[in-house]
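Chemist: Numbering (our numbering), first residue to last: 2 to 172. Using N, Cα and C, we set each Cβ at its ideal position, and we do this for glycine too. Here the structure is a predicted model, which is why all the values come from computation and not from measurement.
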């Protein structure tokens with residue numbers, strides 16, 4: 002009986018060590034499954050004091066899931082999408098059940114720029130694999146059109162304040 006106890010006790014640290022070695026340090030947990038369009042709510046609203054900035058939100062109404070870390074923002078019938086700031090590549094952004102992520106889009110650096118285009122709406126997708134939601138300029142609170150020239154978007158952030166800071170919008 003004593004021998005078995007000693008063996009069991011000496012085997013326990015070996016089993017713990019094996020488990021610790023199996024999960025190497027810095028190894029990230031696997032990304033959750035991709036979010037579906039039906040579990041997300043996307044919102045957008047122009048900043049009243051800064052009409053060239055639109056704040057975005059995506060809320061997960063389902064189980065934990067992932068969207069792309071960079072929202073896809075397109076403008077009317079113009080080609081292309083807003084460029085991410087900071088520059089980066091696609092990757093997963095984890096949204097907790099009931100969680101919300103925030104981003105900010107600067108549609109034009111200088112609203113008086115003669116190069117700026119005017120579009121009646123913009124479309125926001127939480128992930129390029131999902132259909133986007135279109136917001137008219139009026140729905141955004143941007144008047145009758147959105148001015149666009151070399152637009153930039155932040156990555157999804159944990160707070161609206163963090164998204165504002167990422168495009169240097171003082172709050």
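#1: With distances taken Cα to Cα, identify the nearest neighbour of residue 130 among 111, 122, 32 and 71.
#2: Taking the C-alpha atoms as reference points, what is the distance between residue 107 and residue 53?
#3: Which whole runs of the beta strand (DSSP E) in the segment 14-98 are 3 residues long or more, in chain order?
#4: Where does residue 123 fall in DSSP's three states?
#5: For residue 145, which residues from the same chain have a beta carbon less than 8 Å from its beta carbon, with the 5 sequence-adjacent residues on both sides left out?
#6: From what residue to what residue does the beta strand (DSSP E) around residue 104 run?
#7: Starting from the C-beta of residue 149, find all residues in its chain whose C-beta is less than 7 Å away, skip the five residues before and the five after it, and write them out in chain order.
#8: Note the first and the last residue of the continuous alpha helix (DSSP H) segment covering residue 169.
#9: Roughly how many whole angstroms lie between the Cα atoms of residue 86 and residue 153?
#10: Suppose you measure from the CA of residue 159 to the CA of residue 58; what does that come to, to the nearest Å?
#11: Using the beta-carbon count (16 or more within 10 Å), is residue 133 buried or exposed?
#12: Could you give the distance in angstroms between the alpha-carbon of residue 98 and the alpha-carbon of residue 156?
#13: State yes or no: is the C-beta of residue 62 within less than 8 Å of the C-beta of residue 161?
#14: Let me make sure I understand the geometry here. Which of 101, 163, 112 and 37 has the alpha-carbon closest to that of residue 44?
#15: Could you tell me whether the Cβ atoms of residue 74 and residue 123 are closer together than 8 Å?
Modeler: By the coordinates alone:
#1: 71
#2: 6 Å
#3: 41-48, 51-61, 66-69, 73-76, 84-86 and 93-96
#4: strand
#5: 121, 138 and 139
#6: 101-107
#7: 76, 79, 108, 109, 117, 118 and 120
#8: Counting along the chain, residue 169 falls outside any alpha helix (DSSP H), and DSSP gives it neither H nor E.
#9: 6 Å
#10: 10 Å
#11: buried
#12: 19 Å
#13: no
#14: 101
#15: yes
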